Each structure stands twice: as structure tokens, then as C-alpha cells.
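Beneath this line is the structure, given in C-alpha cells, with notes to follow.
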Amino acid sequence: MIEALKVLVKEEISAKAIALLKEHFEVQVMVDLSRDALKEIISQYDGLIIRSETRVDEELLERATRLKVIGRAGVGLDNIDLEAATKRGIIVTNAPQSNVVSAAEHAIALLMSLCRYVPQANASLKGGAWERSKFKGIEVQGKYLGIAGLGRVGTLVAQKASGLGMKVIAYDPYVSEELFHQLGISRSRELKDLFEVSDFITIHLPKTKDTYHMFGRQEFQAMKRGVLLINVARGSIVDTEALVEALESGQVGGAALDVFEEEPCTDSPLFKSPQVVVTPHLGASTIEAQDKAGVVIAEQVRAALLGEPVTNAVNVPAASPEVMEVLSPFFPLAEKLGGLMVRLYSGRLNTLGVEYSGQVAEYDTRLLTLAILKGMFDKFVEEHVNYVNAPLIAKERGIEVRESKTRFSRDYVNLITLKVENAETEFSVSGTVLGKRNVPRFVSIDKFMIDMVPSKYMAFFRYKDVPGRIGIIGTILGRNNINIANMQVGRKKIEGDAMTAINADSPIPEEVMEEIRQQLGIKEARFIEL
1 MIEALKVLVK EEISAKAIAL LKEHFEVQVM VDLSRDALKE IISQYDGLII RSETRVDEEL
61 LERATRLKVI GRAGVGLDNI DLEAATKRGI IVTNAPQSNV VSAAEHAIAL LMSLCRYVPQ
121 ANASLKGGAW ERSKFKGIEV QGKYLGIAGL GRVGTLVAQK ASGLGMKVIA YDPYVSEELF
181 HQLGISRSRE LKDLFEVSDF ITIHLPKTKD TYHMFGRQEF QAMKRGVLLI NVARGSIVDT
241 EALVEALESG QVGGAALDVF EEEPCTDSPL FKSPQVVVTP HLGASTIEAQ DKAGVVIAEQ
301 VRAALLGEPV TNAVNVPAAS PEVMEVLSPF FPLAEKLGGL MVRLYSGRLN TLGVEYSGQV
361 AEYDTRLLTL AILKGMFDKF VEEHVNYVNA PLIAKERGIE VRESKTRFSR DYVNLITLKV
421 ENAETEFSVS GTVLGKRNVP RFVSIDKFMI DMVPSKYMAF FRYKDVPGRI GIIGTILGRN
481 NINIANMQVG RKKIEGDAMT AINADSPIPE EVMEEIRQQL GIKEARFIEL
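Numbering (full-length UniProt numbering), first residue to last: 1 to 530.
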């Protein structure tokens with residue numbers, strides 16, 4: 001007799017969601033289960049449904065010998081070890097759009113609470129005081145709202161703020177001009193430009209190593225004095241210590257925070273400031289969002305256990321074993337090419353051309369295109385990017401992807417080329433895999449021929465090809481104790497432009513890059529971290 005598939009619901013989801021699961025599986029709901037008890041019984045289950053409280057780490061997964069799918073009823077995946085789950089072949093899925101409306105509305109609620117001293121006035125009146133003059137607020141109509149990150153939540157905030165009569169300006173380099181036009185809002189090309197004009201700034205960025213402490217001392221100093229800050233995204237994006245200092249000096253006039261660097265957070269120097277409004281991570285805490293997340297994740301878990309496509313899978317692309325065997329060496333290259341493209345090209349990206357040349361063109365390369373898009377957006381959008389949602393993210397940002405193939409490849413057995421296909425500009429990057437170990441290589445950048453193995457720290461310099469340029473770069477890096485692991489130089493013709501590409505052993509600070517720009521008399525010098 002075939003044993004029934006079992007699903008453990010570890011945190012609360014709606015009755016409708018549980019009923020959907022019970023149509024197919026044996027379901028047990030144990031929301032009060034301790035971690036030790038969970039470790040003892042997890043080996044009995046094929047599916048696990050959680051929210052944000054349950055930590056699914058290496059230790060727990062070692063005991064989950066039957067587990068096939070983990071469903072996160074919500075958006076964030078900070079409490080799940082994706083690498084450990086993927087290594088064990090466990091599908092991880094979430095409900096990325098379930099809390100968009102709730103999070104956007106909470107951002108607006110915090111903004112209004114901050115402007116009108118709602119929490120402070122409430123506490124004062126309940127304490128027996130009638131202090132009308134003490135809580136003189138400000139109107140939002142006609143004020144500038146700066147939005148850092150124009151993903152789903154940021155877009156909805158923009159729409160709601162426009163409805164309140166606010167002047168909205170947003171920063172998101174990976175969103176098309178068309179979306180800004182549709183929303184009727186202004187675009188900030190640089191974050192510092194947004195800081196200069198905004199009366200309010202609301203954060204809607206993802207948690208990544210690039211956004212960690214993205215709002216710190218230097219950024220607060222660049223803002224208008226008295227700016228009001230709202231954060232319903234991730235606590236680590238804001239440097240808490242720097243924010244406290246900015247509040248004390250009056251550079252930041254107030255802050256409304258739903259998220260914190262460490263959670264749960266019950267004690268913080270921010271709590272002592274009368275200019276701060278706080279809530280305990282309530283962005284997704286509405287009846288509608290919770291119900292929606294539960295039903296969506298129940299459907300995802302059902303699909304995973306029944307062998308159907310899992311549309312919100314965050315870690316497992318779908319393909320036949322035969323195709324995957326051929327294409328698997330190209331996935332790391334594809335993601336790195338996508339990451340390289342968005343870091344080196346700073347212009348408007350409306351159309352991305354993806355060309356497959358050589359033997360790889362004989363196969364279904366759609367999965368590789370998804371890997372390219374994942375590499376492009378992975379560090380720059382608020383949601384977790386995967387092979388399923390990457391095309392939707394591109395579409396939302398007004399980016400059209402055009403895939404082409406040719407069996408002819410002049411110099412390499414296989415070649416993948418990404419091209420910016422805008423009328424006013426040309427830019428491309430190309431890569432291949434070489435050797436028995438299928439090592440990814442960058443072989444062309446903006447038509448400069450190079451041979452570069454991708455690494456964590458890389459720098460690229462474009463300059464007029466005259467004697468002494470390479471020496472200047474090496475001297476400045478050496479003087480700043482930055483070791484060059486590898487250097488490649490490409491040029492198109494003698495005394496024309498040249499490009500130097502460097503693999504470094506450590507990050508290159510911006511002040512060092514600026515010194516090189518000054519010494520070489522160039523603007524095109526960029527350090528990137530993949």
C-alpha cells in the first residue's frame with residue numbers, strides 16, 4: 001500500500017488553505033510545536049508550511065529525510081536555508097505577491113502617522129492630557145515623496161501617494177521610462193538626486209549585500225534637513241546607529257519603521273526618540289494578505305507534491321534530465337553575464353537581445369535566458385528573483401527580451417552574447433565555457449576582446465590607448481594594498497580606445513577608483529562585485 005503524502009502546517013494559515021490541502025494529503029496543524037519537537041517529527045512529512053517564525057536551517061533539514069517541498073506563506077525567505085534545501089532537492093516556494101497591497105498601505109499609514117503625530121497624540125490623550133498645540137503636524141499634499149525601489153510595493157505606494165496630491169520622484173535604475181510615464185512620476189537618475197529634493201523618503205529595496213546599510217551617515221547628510229524616513233522593507237538597509245545620530249542632530253526630522261536590523265526587536269535606541277514611530281513588522285499583517293498567502297502557498301505545495309509545475313518555486317528550474325545535462329554548465333555563465341551587463345551598462349535598457357551561437361543553439365535555451373534575467377535582477381529588486389518570476393520582473397520594468405540563435409560561431413564552440421538593442425546606443429557582453437571543467441569566461445565587453453574568468457571582485461577601465469596607462473592603474477592599486485589576481489587588456493586598433501579588465505583579491509574602494517579616473521583622465525572606470 002502506498003503511504004499517503006503528509007503535510008505539516010507549522011504556522012497559521014486560513015481554513016480555506018487547509019481545506020485545499022486536505023483534498024489531497026494527510027494534513028496536521030501544529031502551530032505551537034517547539035523547535036526540538038519539530039526536529040523529532042520532521043522526518044515524517046513530505047511538505048512543510050511555515051511563515052516567518054520557523055527557522056528551516058541545515059540542522060533541521062538534516063532530519064527532514066522525506067521532505068519534498070517547503071512552502072513559505074509570505075514573501076521573505078530569510079528564515080530558510082535555500083542552499084541547503086536545494087542541495088537536498090527540496091523545492092522552496094513562497095507567495096511573493098500576497099502582501100503587496102498590505103505593505104504599500106502600511107507605508108502610507110506610517111507616513112501619515114509620522115506627519116500628524118498620531119501615536120504620540122493617542123498616548124498623550126489616554127494619559128489624561130489635552131495637548132492640541134503640542135502635536136502640530138504637516139500636510140503631505142504638494143510635498144515631495146522620494147521612493148527608493150520601484151518594484152511592486154514601491155509602484156503601489158507611488159500610485160497611492162499621487163492620489164494624496166504628493167509629488168512623487170523615484171529611484172530605480174532597472175525600471176523603464178515607460179513605467180515612470182504610466183505612473184506620472186519623476187525619475188531620479190542617481191540616489192543623491194532623490195535625496196536633494198525629497199521631503200519624505202520611503203524605502204522599498206531588497207535585502208542584499210549591496211543594500212546593507214545603504215542608508216548611512218553619508219546618505220543622511222546628503223538629504224534635505226528635516227527629511228522624514230519610512231522603512232517597511234528590510235531593517236538592515238538602514239544603519240541604525242547613523243539614523244539615531246541623524247535624528248538627534250535634526251538632519252532627519254523623523255522616522256517610521258516597521259522593520260529592524262535584528263528581529264524580534266524589543267529594545268532599541270530608536271525607541272527613545274519622540275520623532276520615531278515603530279510597529280513590529282506588520283507590513284503583511286492584514287486578514288486579506290494572510291488569507292491570500294495561505295491559499296497561494298497551499299496551491300504551490302499541492303502542485304509540488306503532485307508533480308505539477310510550481311510557479312513560485314525559488315530554487316528549482318524545470319527541464320528534462322537530458323536537456324539539463326547539456327545546459328547545466330551554462331547556467332553559472334548565464335547568470336554572471338546578466339550580472340555583468342547591468343553593472344557595466346548604465347543607460348536605459350528597453351530591449352535586451354540574447355544571442356546563442358554554436359552547439360548550444362541546437363537546444364531549448366529558454367532556461368538559460370531565465371538565468372540571464374535572474375543574474376540581472378537578483379541584487380536590484382525587492383522580491384526574491386527566480387527562474388519563474390524573472391520574465392515578469394523584466395516585463396514590469398518595460399524590458400523586452402529578444403532571443404536569437406545561430407549554429408555558426410567563428411571563434412568558439414559555444415557563445416552567449418547579450419546586447420542592448422536601443423536606437424541611440426550599442427553595448428554588448430559575451431561569454432563561453434572552456435575546458436573539461438566548463439569554466440565560465442567573459443570573452444568580449446563592448447566589442448573589446450578579452451579572456452577573463454569571472455570573480456567576486458572585478459574592475460573595468462576604458463581609456464585612450466597610449467603608453468603608461470596600465471602602469472598607472474597597477475601603481476595606484478598597489479599603493480592601496482589591492483592585489484591584482486589577473487589583468488586582461490583588449491583594444492580594437494592601435495592608438496584607439498582600450499579596455500583593461502582586472503580580477504582583484506579584495507574590494508576596490510570608490511576613492512581609489514576615483515583616483516584612477518583622475519590620473520587617466522577618464523570617466524569610464526567601474527568596480528563591480530558579483
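We put the CB at the ideal spot given by N, CA and C, even for glycine.
If you're wondering where the values come from, they're calculated on a predicted model, not measured in any experiment.
Buried/exposed call for residue 221, threshold 16 Cβ in 10 Å: exposed
Distance CB(residue 470)-CB(residue 512) smaller than 8 angstroms: no
By the DSSP assignment, the beta strand (DSSP E) with residue 452 in it spans what residues? 448-452
Own chain residues within Cβ distance below 6 angstroms of residue 304, not counting five before or after: 69, 91, 310
Can you have a look at residue 519 and say buried or exposed, based on whether 16 or more other CB atoms are within 10 angstroms of its CB? exposed
State buried or exposed for residue 494, treating a residue as buried only when at least 16 other CB atoms are found within 10 Å of its CB. exposed
Going by beta-carbon coordinates alone, are residue 202 and residue 230 separated by less than 8 angstroms? Contact flag set, yes.
8 angstroms Cβ cutoff met for residue 174 and residue 342: Yes, these two residues count as a Cβ contact at 8 angstroms.
Can you name the start and end residues of the beta strand (DSSP E) that residue 67 belongs to? Unbroken run through residue 67: none, as it is neither H nor E.
Using DSSP with H/G/I as helix, E/B as strand and the rest coil, what is residue 440? strand
Within the continuous beta strand (DSSP E) that includes residue 419, where are the two ends? 414-422
Residue environment, residue 215, which counts as buried when at least 16 other CB atoms sit within 10 Å: buried
Sorted by chain position, which residues of the same chain lie with C-beta nearer than 8 angstroms to residue 102's C-beta, five sequence neighbours on each side aside? Correct list, in chain order: 283, 284, 285, 286, 288, 289.
Counting pairs of beta carbons, one from the region 79-93 and one from the region 107-115, are three or more of them closer than 8 angstroms? no
Given that a residue counts as buried once 16 or more other Cβ atoms are within 10 Å of its Cβ, and exposed if not, what is residue 181? exposed
In chain order, which continuous runs of the beta strand (DSSP E) of length 3 or greater are located wholly inside the region 222-308? 227-231, 252-257, 276-278
Leaving out the 5 sequence neighbours to the left and right, which residues in its chain are closer than 8 angstroms to residue 26 when beta-carbon positions are compared? 4, 5, 6, 7
For a minimum of 3 consecutive residues, which ranges assigned as the beta strand (DSSP E) are wholly contained in the region 76-162? 91-94, 144-148
Does residue 1 come out as helix, strand or coil in the three-state DSSP assignment? Confidence at residue 1 is low in this model, with a pLDDT of 37, below 50, so its placement is unreliable and the value that follows should be read with caution. The answer is coil: DSSP assigns residue 1 none of H, G, I, E or B.
Residue 266: buried (16+ other C-beta within 10 angstroms of its C-beta) or exposed? exposed
If you draw a straight line from the alpha carbon of residue 45 to that of residue 449, how long is it in whole angstroms? Distance between residue 45 and residue 449, taken at the CA atoms: about 53 angstroms.
State the start and end residues of the unbroken alpha helix (DSSP H) segment that holds residue 36. According to the DSSP assignment, residue 36 belongs to the alpha helix (DSSP H) that extends over 35-41.
Label residue 610 either buried or exposed according to how many other C-beta atoms from any shown protein chain fall within 10 Å of its C-beta, with 16 as the threshold for buried. With the chain covering only 1 through 530, there is no way to say anything about residue 610.
Throw me the rounded Cβ distance for the residue 353 and residue 245 pair, which I believe falls under 8 angstroms. Going by Cβ atoms, the distance from residue 353 to residue 245 rounds to 47 angstroms, so no, they are not a contact pair.
Give me the Cα-Cα distance between residue 235 and residue 522, rounded to the nearest whole angstrom. 37 angstroms
At least three beta-carbon pairs within less than 8 angstroms, the region 141-151 to the region 190-202: yes
I want to know whether the region 125-139 touches the region 364-382 - three or more CB-CB distances under 8 angstroms. no
Just to confirm before moving on: does the CB-CB distance between residue 50 and residue 72 stay below 8 angstroms? yes
According to DSSP, is residue 458 helix, strand or coil? strand
Excluding sequence positions up to five away, which residues of its chain have a Cβ less than 8 angstroms from the Cβ of residue 391? 370, 373, 401
Residues bridged to residue 47 (per DSSP): 7, 69
Can you tell me which residues form a DSSP beta bridge with residue 186? Listed as beta-bridge partners of residue 186 by DSSP are 169.
Residue 473 by DSSP, collapsed to three states: which one? DSSP places residue 473 in helix when its eight states are reduced to three.
Contact between the region 449-465 and the region 492-506 is defined here as three or more beta-carbon pairs at a separation below 8 angstroms; is this criterion met? Short answer: they touch.
Integer-rounded CB distance, given that residue 364 should sit under 8 angstroms from residue 323: 6 angstroms
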